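A.B. asks:
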Amino acid sequence: MALQYPSSYSSIPRLIIILCFFIIQYFPFYSSSSSSHASSPSTSAHSSSSLTIEQEKEALALLTWKSSLHIQSQSFLSSWFGASPCNQWFGVTCHQSRSVSSLNLHSCGLRGTLHNLNFLLLPNLLTLDLHSNSFYGTIPINIRSIPPTIGNLRNLTTLYLDENKLSGSIPHEIGSLRSLNDLELSTNNLSGPIPPSIGNLRNLTTLYLYENKLSGSIPHEIGSLRSLNDLALSTNNLSGPIPPSIGNLRNLTVLYLHTNKLSGSIPHEIGSLRSLNDLELSTNNLSGPIPPSIGNLRNLTTLYLYKNKLSGSIPHEIGSLKSLNNLELSNNNLSGPIPPSIGNLRNLTILYLHENKLSGSIPHEIGSLRSLNDLALSTNNLSGPIPPSIGNLRNLTAFGPIPPSIGNLRNLDTLCFDDNKLSGSIPQEIGLLSNVTILQLHYNQLSGPIPREMDNLIHLKSLQLGENNFTGHLPRQMCLGGALENFSATGNHFTGPIPMSLRNCTSLFRVRLERNQLEGNITEVFGVYPNLNFMDLSSNNLYGELSQKWGTMSQLNKPEHSPQQFVCGSIPKWLGVLSKLSFLNLSKNEFVESIPDEIGNLHSLQSLDLSQNMLSGKIPQELGELQRLEALNLSHNELSGSIPSTFADMLSLTSVDISSNQLEGPLPDIKAFQEAPFEAFINNNGLCGNVTVLKPCIPLTQKKNNRFMMIMIISSTSFLLCIFMGISFTLYWRARNRKGKSNIIEVTEDFNSKYCIGSGGQGTVYKAELPTGRVVAVKKLHPPQDGEMSNLKAFTSEIRALTEIRHRNIVKLYGYCSHARHSFLVYKLMEKGSLRNILSNEEEAIGLDWSRRLNIVKGVAEALSYMHHDCSPPIIHRDISSNNVLLDSEYEAHVSDFGTARLLKPDSSNWTSFVGTFGYSAPELAYTTQVNNKTDVYSFGVVALEVVIGRHPGDLILSLISSSGSASSSSVTAVADSLLLKDVIDQRISPPTDQISEEVVFAVKLAYACQHVNPQCRPTMRQVSQALSIKKPALQKPFPIITLRELFQG
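UniProt numbering puts the last residue of the sequence shown at 1050; the count rises by one with no breaks.
#1: Which partner residues does Q440 have in the DSSP bridge list?
#2: Between the alpha carbons of V436 and I350, how many angstroms are there, rounded?
#3: Among G384, G758, V691, which residue has its Cα nearest to the Cα of V778?
#4: Report back the beta-carbon spacing between residue 1074 and D418 to the nearest angstrom; my notes put them in contact at under 8 Å.
#5: For Q987, which of helix, strand or coil comes out of DSSP?
#6: Taking only runs that begin and end inside the segment 629 to 678, name each unbroken beta strand (DSSP E) of 3 or more residues, in chain order.
#7: Which whole-angstrom value is the C-beta distance of T646 and Q621, which I expect to be below 8 Å?
#8: How close, in whole Å, do the beta carbons of L348 and L372 come, if the pair is a contact with beta carbons under 8 Å?
#9: Check each candidate in N381, G773, F487, E946 and name the one with the smallest Cα separation from F534.
#10: Count Cβ pairs between the segment 625 to 638 and the segment 592 to 610 that sit closer than 8 Å; are there 3 or more?
#11: Please determine, among H1012, D870, C479, the residue with the shortest C-alpha to C-alpha distance to V937.
#12: If you measure between the beta carbons of L279 and L303, is that distance less than 8 Å?
#13: State the Cα-Cα distance for the pair I1041 and D983, rounded to the nearest angstrom.
#14: Does the Cβ-Cβ distance between N684 and L663 come in under 8 Å?
#15: For a test of the three-state rule: what should DSSP assign to S939, helix, strand or coil?
#16: When you compare each of V1024, R836, P874 to V885 by their alpha carbons, which one comes out closest?
#17: When the Cα atoms are used, what is the spatial distance from L329 to Y306?
#18: CA-CA distance, S335 and I362?
#19: Do three or more CB pairs link the segment 115 to 122 to the segment 71 to 82 at distances below 8 Å?
#20: Quick check: what's the CA-CA separation for L128 versus I366?
#21: Are the CB atoms of L393 and R370 nearer to each other than 8 Å?
#22: For G954 and G919, what's the separation of their Cα atoms in angstroms?
#23: Would you mind sorting D994 into buried or exposed? The rule is 16 or more other CB atoms within 10 Å of its CB.
#24: Does the distance from the C-beta atom of T495 to that of L518 stay below 8 Å?
#25: So what's I744 in DSSP terms, helix, strand or just coil?
#26: In three-state DSSP terms, what is K754?
#27: Out of H877, E598, P427, which has the shortest C-alpha to C-alpha gap to K573?
#28: Please report the distance separating the alpha-carbon of P195 from that of L180.
#29: For the alpha helix (DSSP H) containing S191, list its first residue and its last residue.
#30: Can you tell me whether Q565 is buried or exposed, with buried defined as 16 or more other CB within 10 angstroms of its CB?
#31: Can you name the residues that DSSP bridges to Q517?
#32: Go ahead and label S587 buried or exposed: buried means 16 or more other beta carbons lie within 10 angstroms of its beta carbon, across all protein chains shown.
#33: Is S176 buried or exposed, if buried means 16 or more other CB atoms sit within 10 Å of its CB?
#34: Near residue 1051, which residues of its chain fall below 8 Å by C-beta distance, leaving aside the five closest residues on each side in sequence?
#35: Need the endpoints of the alpha helix (DSSP H) that T994 sits in, please.
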């Protein structure tokens, strides 16, 4: 029989014996034989009587068994009637002596048990073939499914019970069938051990027990079956070692022990099986080395040892297996080199060595395997060059390495060499493989640009370039044929824009471009992809808005835009149509306005991350409809109001973070909120609940009563206190003010110019030493030029701003004086003066090393972050410049001059006349005067660049913006592209090195992001401050060759 592996079945046994039927059938036979016996001579009568009785017994045995089968099975055996089974009974063959010799009922769909087949009444049976039916085990428990009485068939040569539903164990009585040649019990539900008595079957040539549930070890008695040709014990639960006695089976041609739980080493005795054609030991727990004796199996055509725990090197003796067609040693722990002797296997069509620990180079002898169709060497530690001889493998259809001679393989449709340590570049000859549809080069150490010739691969469906060191641009015409479905270039150093040809790939279902240095506007770069289900563009220098075309991608389940993408605008409402979306990460961008209600339509969503944006307004009630949501992160936004009551139904939620918002009210009473760490709630306005770090919530009625009583008490007390304090304070302040004013005027000799230390937009600054010994800075406002109101407005603005804020990087106000003749403010003195003065002084600038400069940038960023995000209402400075950044004796930065500051009120239009310093003001102020914190962000970017290059960066900004904004200005673009960062930074101090160089590069990159032409695409000062405080990524190329163009974000 051919070796087959169909699926197994199981059923409930049943037993029906209808004895009456056989009594009726047997009675006429008995009467007939009696009369015949009476009329015959004595000798012949005796012989005829014995034969008739034997036939009647066989008929009785078969008819009894028939009656126990399922009713439909009985109908199938309708030819079984009468006194003699040899009288054209279906499936029954008899000897010349009219005794049953063969019962062949395979593939008849019979259903029942073997329990009622009395083998004692079939003594001359030679062949029993019942395979491919639905026979099953029987009850009671002490009756085996394969009955012990089967051992009475001493003349049986063939027993086929495979492909049924037999259960229970193999009876040890089976060892009594000493005439047996073929025993096939495969594809059943047999369990328990293989009985050692099976070693008695010395005439056995075929033993098939595969696809059962047999357990225990392989009995060493199996080595006694010296006539065995085929042994298949695969796909069971056999354990323990392979018995060395198996080496006795010198006639064995097929040995299948795969898909078990065998352990230990491969016995060297296996090398004695010199007749073996097919050896399959795969998918076990075998360990140790491959025995060199395996080289003795010169007739072997198939050797499967994959998915084990084999170790050591591949023995060079394997090169002696010159008849081998298939060699699979993958998924082991094999180490060392690929033996050159493998080149002797000239008949090999499949060679799988992947997922091992092989090292060294690929031997050039591999080019001798001219019959090879499939070659897999991936996931090893192979190194060195690709042998040119690999180009000889003209029949190869699935392949790994990339030699220049690869262009000879014109019929190749699959090229895979992923997960190795290959180095060098992709040869341009790869463009000759016009039939390739799958190209997988990911997880190697390949470098250099992608050759232009790759544009010729117009039939590509899968292109995997991820996790290498590729540089340059992505293939510009990758979708010329429009066939691309799966594209990954993640984790490389690709620069430039995403190619516009990607629009043609309408069959795309997966795109991964994260962790590169791609740049440009993504708003219009993508087309319509109906089958797209995953896209990740994070960790690049991209900007723009999410195109409405994405709303047509109904299969999309995971778009990623993070971190430092600076995608801007509002979160689009069309995201709500992506019903199959399971992961949505829009964190660390510039999204503004509120969270759209339509997000609540994403009922398949499991993870939602909108953190570190500028989202405001209330959390929509509709988010509570996301019943499958497991992770929610809304932290570091400007969300307000209470958490919706619908969140109480989000029972799948396991992780939540709502920190750093303006939320208030009770937490939902669900596990995710009640068990979240305290960091998930910090920096909000007034959250309450049964969480350790929060105050308990007060019931509404109690809160109203308490509030009423508190108001009454505070009002009464405050009224009386105010009257008393008002009188006292007025008297005290008049006296103190007169004294303080006179002191300031006296020590500055009525604001003599010799005490002048600087001048700002609204006044002149003097140094004054008070009688107490304290040295302060006094800012005297300029006399009014256009009426009293403007000067008073500036004075009031600065007072109001400075009394609202307390921060280490904001100049400290000691006091002020408002008088008809003089109005001035008294500050803490900043000993080093303004940043502009230091940078313009050669000697002072040299003392300002890179550590101090980076600290200044961080200090200004932290001050502005505090003003924009931690003050209520937020404060906009509107005149950030190097002249308004003062340094103390430790070179710590302090933001000053708040005469132009503006408080942003939510109920105000926030429009104003132009203020600020030219060269630092945002470009949008040329056409609008609406106050926005993004104008401060732009000014900060200018100051940060000024700190790095040592002078105002106006010409530099202009050249880069011009090169980005005009395709026709090729000369400007060329200049911008050739500008090296090392040539632009302040040359008065030594170039930065090591970690400092990483921070300088990052600061410049961030400064450019702050100067984005579109205000909405600039980062917030909170994002800038946080980015400057974390560890910077390692440089992708040496500092001396980094160009400004690489750091500029359009």
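Cβ coordinates follow ideal geometry from the N, Cα and C atoms, glycine included.
None of these values were measured; they are calculated from a predicted model.
C.D. replies: So, from the data block:
#1: For the purposes of this step, residue 440 is taken as residue 440 along the sequence shown, with counting starting at 1. Paired residues: C416, Q464.
#2: Position 436 of the sequence shown, counted from the first residue, corresponds to residue 436. Position 350 of the sequence shown, counted from the first residue, corresponds to residue 350. Cα to Cα, the separation comes out at about 19 Å.
#3: By one-based count along the sequence shown, residue 778 stands at place 778. Residue G758 is the option with its Cα nearest to V778.
#4: This structure leaves residue 1074 out entirely; the chain is present only between 1 and 1050.
#5: Working through the sequence shown from its first residue, we reach residue 987 at position 987. It is coil, neither helix nor strand.
#6: 631 to 633, 638 to 642, 655 to 657, 662 to 666
#7: Taking the first residue of the sequence shown as position 1, residue 646 is located at position 646. Taking the first residue of the sequence shown as position 1, residue 621 is located at position 621. Right, their Cβ atoms sit about 5 Å apart.
#8: To locate residue 348, count along the sequence shown from 1; it is residue 348. To locate residue 372, count along the sequence shown from 1; it is residue 372. That belief holds up - the Cβ atoms of L348 and L372 are roughly 6 Å apart, short of 8 Å.
#9: For the purposes of this step, residue 534 is identified with residue 534 of the sequence shown, where counting begins at 1. Comparing Cα positions, the closest option is F487.
#10: yes
#11: Here residue 937 corresponds to residue number 937 of the sequence shown, with the count starting at 1. Answer by Cα proximity: H1012.
#12: Locating residue 279 in the sequence shown gives position 279, where the first residue counts as 1. Locating residue 303 in the sequence shown gives position 303, where the first residue counts as 1. Closer than 8 Å, so yes.
#13: Residue numbering aside, residue 1041 sits at position 1041 when the sequence shown is read from its first letter. Residue numbering aside, residue 983 sits at position 983 when the sequence shown is read from its first letter. Whole-angstrom Cα-Cα distance: 10 Å.
#14: Along the sequence shown, one-based indexing puts residue 684 at 684. Along the sequence shown, one-based indexing puts residue 663 at 663. It is a contact, given that the beta carbons lie within the stated cut-off.
#15: The count along the sequence shown starts at 1 and reaches residue 939 at position 939. It is helical.
#16: Position 885 of the sequence shown, counting from 1, holds the residue named residue 885. Selected option, being the one with the closest Cα: R836.
#17: On the sequence shown, residue 329 is found 329 positions in, with the first residue counted as 1. On the sequence shown, residue 306 is found 306 positions in, with the first residue counted as 1. Distance between the alpha carbons of L329 and Y306: 5 Å.
#18: Here residue 335 corresponds to residue number 335 of the sequence shown, with the count starting at 1. Here residue 362 corresponds to residue number 362 of the sequence shown, with the count starting at 1. Looking at the two C-alpha atoms, the distance is approximately 13 Å.
#19: no
#20: Taking the sequence shown and counting its residues from 1, the one referred to as residue 128 is at position 128. Taking the sequence shown and counting its residues from 1, the one referred to as residue 366 is at position 366. Going by the C-alpha atoms only, they are around 50 Å apart.
#21: The residue given as residue 393 occupies position 393 in the sequence shown. The residue given as residue 370 occupies position 370 in the sequence shown. Yes; because the gap between Cβ atoms is below 8 Å, this pair is in contact.
#22: Looking up residue 954 in the sequence shown gives position 954. Looking up residue 919 in the sequence shown gives position 919. Distance between the alpha carbons of G954 and G919 is about 7 Å.
#23: As a working mapping, residue 994 is identified with position 994 in the sequence shown. Counting Cβ neighbours within 10 Å, D994 comes out exposed, since fewer than 16 surround it.
#24: By 1-based counting over the sequence shown, the position of residue 495 is 495. By 1-based counting over the sequence shown, the position of residue 518 is 518. Cβ distance < 8 Å, so T495 and L518 count as in contact.
#25: Counting from one through the sequence shown, the residue named residue 744 turns up at place 744. Note: I744 maps to helix in three-state DSSP.
#26: Walking along the sequence shown from the start, residue 754 turns up at place 754. K754 falls in the helix class under three-state DSSP.
#27: Position 573 of the sequence shown, counting from 1, holds the residue named residue 573. Ranking the options by Cα distance to K573, first place goes to E598.
#28: To locate residue 195, count along the sequence shown from 1; it is residue 195. To locate residue 180, count along the sequence shown from 1; it is residue 180. Approximately 16 Å between the Cα atoms of the pair.
#29: Residue numbering aside, residue 191 sits at position 191 when the sequence shown is read from its first letter. Here S191 belongs to no alpha helix (DSSP H); instead the beta strand (DSSP E) covers 189 to 192.
#30: Taking the sequence shown and counting its residues from 1, one reaches residue 565 at position 565. With a pLDDT of 45 at Q565, under the threshold of 50, the predicted position of this residue should be treated as unreliable, though the coordinate-derived value follows. It counts as buried.
#31: As a first step, residue 517 is located in the sequence shown; it is residue number 517 there, counting from the start. T495, per the DSSP bridge assignment.
#32: The residue you call residue 587 lines up with position 587 of the sequence shown. So S587 ends up on the buried side.
#33: Along the sequence shown, one-based indexing puts residue 176 at 176. Classification of S176: buried, given that the 10 Å Cβ count is 16 or more.
#34: There is no way to answer for residue 1051, as the model of the chain reaches only from 1 to 1050.
#35: Numbered from 1 along the sequence shown, position 994 holds the residue referred to as residue 994. First, the residue type needs correcting, since residue 994 is Asp and not Thr in the sequence shown. Per DSSP, D994 belongs to the alpha helix (DSSP H) from 994 to 1010.
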